[in-house]
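One structure below.
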Amino acid sequence: MSKEPENTNNSLDPFDMLNTVRDSTLKSWNTMRDASLESWSKMMIELVNSEAYSKTTAQELDSYLTLSQPLRQLIDISTTQVLAKLNMPQRADVTRIAERLTNLEIRLDDLDAKLDEIQRAIATQSASKQAIGTTNIETRLDDLGARLAEIQSAIAALSTPKHTASTAKTKGEN
Amino acid sequence: MLSSPSPMIPPALLDQLKQAEENARTLLRVTTSRANIAQTPKEVIWTLNKAKLYRYIPVVPAEKRHKIPLFLVFALMNKPSILDLRPGHSFIEYMVKQGYDVYLMDWGAPGPEDKDLNFDDYVLDYLPRAIRKVKAVSGSDEFSMLGWCIGAILTTIYAALRPDSGLKNLILLTAPLDFTDKTAGGFVRWVSDQTFDPAKIVAAFGNVPGEMIDYGAKALKPVENYIGSYLTLWDNLDNPRIVESWHAMNTWVTDIIPIAGATYLQLTKELYKENRLIEGKMVIRGERVDLSHIRASLLNVIALTDHISPPCQSESIMQKVSSTDQFLFKVKGGHIGIMAGSGAQKFTWPHIDSWLAERSQ
């Protein structure tokens, strides 16, 4: 609709002529419409931003609220009475339950957060334990290496002077 | 039906009738159905009362993602789906694709039992818990927070009351914070009138009906909202791009929710009428809200033709905060248009992304 129609009209075709007239009329009507809407819009914006409008709407709202208050009160009282007679929960009861539920949710949320913290702490601790574990293995390997080196040097020292004794000792160690 | 061509009807007329029929169908469809909005994949990771916290499923590998998660807080009236309007035109989808770990707070619709909920509850019960969850899920102790409209009021108060909570970056969009000028914008004028008594409205309705808030917002620009919008649709019925965009926006606009009575009372009385926040007189559960406590990097996005939160309501926060890293970004457009309009994707979103990206490492 916003697109300009392609100019493929045959000027001798009465239908096309009608179309051309319609399109140009529509275009000028749209221009007029947009211009009037724009001025109308400006006028309305000025109006709603005026003090007179603020005062009028505030007064109207105030009178509506004042006048409708007795009726609302009447409806509230009668609804409460009917619900009480029917042994049904009233608005206040539902509100109380909702409040308690929200309080429970808050407590659950705090518990959830604490569990998250504990989980994180355990993860950190196990990671550090793992790191400690790896260090232990390395230390033990170092110890073993040192002890093996000691044994090796002892064997070497023994094997040189007494051949028989060294053989016996080696067998005993095995 | 015009499916079988008649030899009596000229082909050109037949084409036009077909087009008219198609337009009528389109008009009926978009004015009577709901568009599929808020389609970006997400999961609920936390709930409290009616509030839900969503985490959007990341599409960027973890190693390429920004380290600091982004937490979005929308207004209390209207649904946050405006941030995820439709595929291909969604701020959330865009930010997820840019590598952010995105979280969104959906406040939900308050029921009659929630009429006493106020800013104190939202700021000190809901936000800290949701943020705790964001931190736990993201594994980051720091976070960025974006607040829009009343969401910006909530995030500002939170940032002032809990400056050491890990808030690294604060983004405010069209934030109504300073009501010194009682002639700037219709809302301030209306509620500043001596006869206007918000307590009476709350006493009558409990929660303020969504229809009433919707009327208030639309009445600020009555011709555009009640007539202009439908004329735009009528003029573009043969343009699928505009029609689908209109359908999605109309779905969001008509999805109205009430605002909790106590919150409305606080908003109109303490903020709009008494201007307590910017004057440093607002007290939330016994704690004074001191805006100078805000130290997070601040990006303040202002819509130059905003008729709901005029620029003068959002600018002065820059002088009140202690943030050394702050930037005021003025965008041509209206309250909603700067984030959901056709130019948002080319201008506002990339700007927010580029500002945030270098502060999310």
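Chains as they are written, first to last, in this note's numbering: chain A, 1096 to 1269; chain B, 11 to 371. A virtual CB, placed ideally from N, CA and C, is assigned to each residue, including glycine.
(request) Alpha carbon to alpha carbon, how far is serine 255 of chain B from serine 239 of chain B? Give it in angstroms, no decimals. (result) Here the question's residue 239 of chain B lines up with position 229 in the second sequence. Here the question's residue 255 of chain B lines up with position 245 in the second sequence. When rounded, the distance between both Cα atoms is 12 Å.
(message) Does the stretch 35-49 of chain B come into contact with the stretch 260-272 of chain B, if we say contact requires no fewer than three beta-carbon pairs (one atom in each stretch) closer than 8 Å?
(response) yes
(request) Would you kindly check if the distance between the Cβ of leucine 82 of chain B and the Cβ of threonine 273 of chain B is under 9 Å? (result) Mapped onto the second sequence, residue 273 of chain B falls at position 263. Mapped onto the second sequence, residue 82 of chain B falls at position 72. Their beta carbons are not under 9 Å apart, which means threonine 273 of chain B does not touch leucine 82 of chain B by this criterion.
(message) Here's a check: name, in chain order, each residue in its chain whose Cβ is nearer than 7 Å to the Cβ of lysine 140 of chain B, leaving out the five neighbours to either side.
(response) Looking up residue 140 of chain B in the second sequence gives position 130. For the sequence presented, residue 140 of chain B should be read as alanine rather than lysine. Trp56, Leu63 and Met115.
(request) Go to glutamate 1146 of chain A, then tell me how far its alpha helix (DSSP H) extends in each direction, as first and last residue. (result) On the first sequence, position 51 is the one that residue 1146 of chain A refers to. 1146-1180 is the extent of the alpha helix (DSSP H) around glutamate 1146 of chain A.
(request) Tell me whether leucine 23 of chain B is buried or exposed, calling it buried when 16 or more other Cβ atoms sit within 10 Å of its Cβ. (result) For the purposes of this step, residue 23 of chain B is identified with residue 13 of the second sequence, where counting begins at 1. So leucine 23 of chain B counts as exposed.
(request) Could you tell me the boundaries of the beta strand (DSSP E) in which valine 83 of chain B lies? (result) Looking up residue 83 of chain B in the second sequence gives position 73. That run of the beta strand (DSSP E) goes 80-83.
(request) Mind checking which residues open and close the alpha helix (DSSP H) that includes glycine 161 of chain B? (result) Translated into the one-based positions of the second sequence, residue 161 of chain B becomes position 151. That run of the alpha helix (DSSP H) goes 160-171.
(message) Does isoleucine 47 of chain B come out as helix, strand or coil in the three-state DSSP assignment?
(response) By one-based count along the second sequence, residue 47 of chain B stands at place 37. Three-state DSSP puts isoleucine 47 of chain B in coil, outside helix and strand.
(message) Can you check whether the C-beta of phenylalanine 206 of chain B is within less than 9 Å of a C-beta belonging to chain A?
(response) Taking the second sequence and counting its residues from 1, one reaches residue 206 of chain B at position 196. Yes, contact with chain A.
(message) Using CA atoms only, rank isn't needed, just tell me which of B:Tyr110, B:Pro122 and B:Tyr104 is closest to aspartate 1188 of chain A.
(response) Position 93 of the first sequence holds residue 1188 of chain A. Minimum Cα distance to aspartate 1188 of chain A is reached at B:Pro122.
(message) Against chain B, does alanine 1218 of chain A count as a neighbour if the rule is that its beta carbon must be under 9 Å from one of theirs?
(response) In the first sequence, counting from the first residue as 1, residue 1218 of chain A sits at position 123. It does not: the Cβ of alanine 1218 of chain A has no partner Cβ on chain B nearer than 9 Å.
(request) Put threonine 116 of chain B into one of helix, strand or coil per three-state DSSP. (result) Your numbering for residue 116 of chain B matches position 106 in the second sequence. As written in the sequence, residue 116 of chain B is aspartate, which differs from the threonine given in the question. Note: aspartate 116 of chain B maps to strand in three-state DSSP.
(request) Check the DSSP bridge columns for tyrosine 64 of chain B and list the partner residues they point to. (result) Residue numbering aside, residue 64 of chain B sits at position 54 when the second sequence is read from its first letter. Listed as beta-bridge partners of tyrosine 64 of chain B by DSSP are B:Val54 and B:Leu114.
(message) Quick check: is the beta carbon of tryptophan 256 of chain B nearer than 9 Å to any beta carbon in chain A?
(response) Your numbering for residue 256 of chain B matches position 246 in the second sequence. It does not: the Cβ of tryptophan 256 of chain B has no partner Cβ on chain A nearer than 9 Å.
(message) Here's the rule: buried if 16 or more other CB atoms are within 10 angstroms of the residue's CB, otherwise exposed. What is alanine 85 of chain B?
(response) Counting from 1 along the second sequence, the entry for residue 85 of chain B is found at position 75. Flag for alanine 85 of chain B reads buried.
(message) Please tell me whether valine 1116 of chain A has its Cβ less than 9 Å away from any Cβ of chain B.
(response) Against the first sequence, residue 1116 of chain A aligns to sequence position 21. Cβ-Cβ to chain B under 9 Å: no for valine 1116 of chain A.
(message) Taking the beta carbon of glutamate 103 of chain B as the centre, do at least 16 other beta carbons fall within 10 Å, making it buried, or is it exposed?
(response) Against the second sequence, residue 103 of chain B aligns to sequence position 93. Glutamate 103 of chain B should be labelled buried.
(request) Mark tyrosine 113 of chain B as exposed unless 16 or more other C-beta atoms lie within 10 angstroms of its C-beta, in which case mark it buried. (result) Translated into positions along the second sequence, residue 113 of chain B becomes position 103. Classification for tyrosine 113 of chain B: buried.
(request) Rounded to whole angstroms, what's the CA-CA distance from methionine 1096 of chain A to serine 1136 of chain A? Just pull it up for me. (result) Within the first sequence, the letter at position 1 stands for residue 1096 of chain A. Within the first sequence, the letter at position 41 stands for residue 1136 of chain A. Below a pLDDT of 50, predicted positions are generally treated as unreliable, and methionine 1096 of chain A, at 46, falls in that range; the measurement from the model is reported next regardless. The straight-line gap from Cα to Cα measures roughly 23 Å.
(request) Could you name the residues of the stretch 321-351 of chain B whose beta carbon sits closer than 9 Å to any beta carbon of chain A, in the order they occur along the chain? (result) none
(request) For chain A, find out if any of its Cβ atoms is closer than 9 Å to the Cβ of glycine 220 of chain B; answer yes or no. (result) Indexing the second sequence from 1 puts residue 220 of chain B at position 210. No, glycine 220 of chain B does not count as interfacial toward chain A.
(message) For leucine 241 of chain B, report the span of its alpha helix (DSSP H) as first-last.
(response) In the second sequence, counting from the first residue as 1, residue 241 of chain B sits at position 231. First-last of the alpha helix (DSSP H) with leucine 241 of chain B: 239-245.
(request) Work out the CA separation of serine 1223 of chain A and threonine 278 of chain B for me, nearest whole Å. (result) For the purposes of this step, residue 278 of chain B is taken as the residue at position 268 of the second sequence. For the purposes of this step, residue 1223 of chain A is taken as the residue at position 128 of the first sequence. Their Cα atoms are separated by approximately 54 Å.
(message) Strictly under 9 Å for the Cβ-Cβ distance: is lysine 52 of chain B near chain A by that measure?
(response) In the second sequence, counting from the first residue as 1, residue 52 of chain B sits at position 42. The beta carbon of lysine 52 of chain B sits no closer than 9 Å to any beta carbon of chain A.
(request) Taking 9 Å as the cut-off, decide whether the C-beta atoms of threonine 358 of chain B and valine 311 of chain B are in contact. (result) Here residue 358 of chain B is taken as the residue at index 348 of the second sequence, counted from 1. Here residue 311 of chain B is taken as the residue at index 301 of the second sequence, counted from 1. Contact flag set, yes.
(message) Whole angstroms are fine: how far does the CA of aspartate 1211 of chain A sit from the CA of threonine 34 of chain B?
(response) In the second sequence, the residue the question calls residue 34 of chain B occupies position 24. In the first sequence, the residue the question calls residue 1211 of chain A occupies position 116. What sits at residue 34 of chain B in the sequence shown is alanine, not threonine. Rounded to whole angstroms, alanine 34 of chain B to aspartate 1211 of chain A spans 56 Å at the Cα level.
(request) Could you name the residues of chain B that threonine 1197 of chain A contacts, counting a contact when the two beta carbons are closer than 8 Å? (result) Taking the first sequence and counting its residues from 1, one reaches residue 1197 of chain A at position 102. Simply Leu58 and Asn59.
(message) Three Cβ pairs or more, each shorter than 8 Å: is that satisfied between the stretch 129-138 of chain B and the stretch 92-100 of chain B?
(response) no
(request) Measuring alpha carbon to alpha carbon, tell me which of B:Ser370, B:Tyr168 and B:Asp191 ends up nearest isoleucine 304 of chain B. (result) As a position in the second sequence, residue 304 of chain B is number 294, starting the count at 1. The candidate whose alpha carbon is nearest that of isoleucine 304 of chain B is B:Tyr168.
(message) Just to make sure I have the definition right: I need the residues of chain B whose C-beta is within less than 8 Å of the C-beta of glutamine 1154 of chain A. Which are they?
(response) Within the first sequence, the letter at position 59 stands for residue 1154 of chain A. Here the neighbours are Thr205.
(message) So with CB distances below 8 Å, who are the chain A contacts of aspartate 135 of chain B?
(response) On the second sequence, position 125 is the one that residue 135 of chain B refers to. Within chain A, the residues placing a beta-carbon under 8 Å from that of aspartate 135 of chain B are Ile1201, ordered along the chain.
(request) Answer yes or no: does any C-beta atom of chain A fall closer than 9 Å to that of alanine 169 of chain B? (result) Working through the second sequence from its first residue, we reach residue 169 of chain B at position 159. No - not a single Cβ of chain A is within 9 Å of the one on alanine 169 of chain B.
(message) For leucine 1199 of chain A and isoleucine 266 of chain B, I'd like the C-alpha separation in whole angstroms.
(response) Translated into positions along the first sequence, residue 1199 of chain A becomes position 104. Translated into positions along the second sequence, residue 266 of chain B becomes position 256. When rounded, the distance between both Cα atoms is 29 Å.
(request) Starting from methionine 1139 of chain A, find everything on chain B with Cβ-Cβ shorter than 7 Å and list it in chain order. (result) Position 44 of the first sequence, counted from the first residue, corresponds to residue 1139 of chain A. The contacting residues are Pro232 and Val233.
(request) Using a Cβ cut-off of 9 Å, pull out every chain A residue sitting near tryptophan 200 of chain B, in sequence order please. (result) As a working note, residue 200 of chain B is residue 190 in the second sequence. Contacts between tryptophan 200 of chain B and chain A, judged by CB atoms closer than 9 Å, involve Val1143, Tyr1148, Ser1149, Thr1152 and Ala1153 in chain order.
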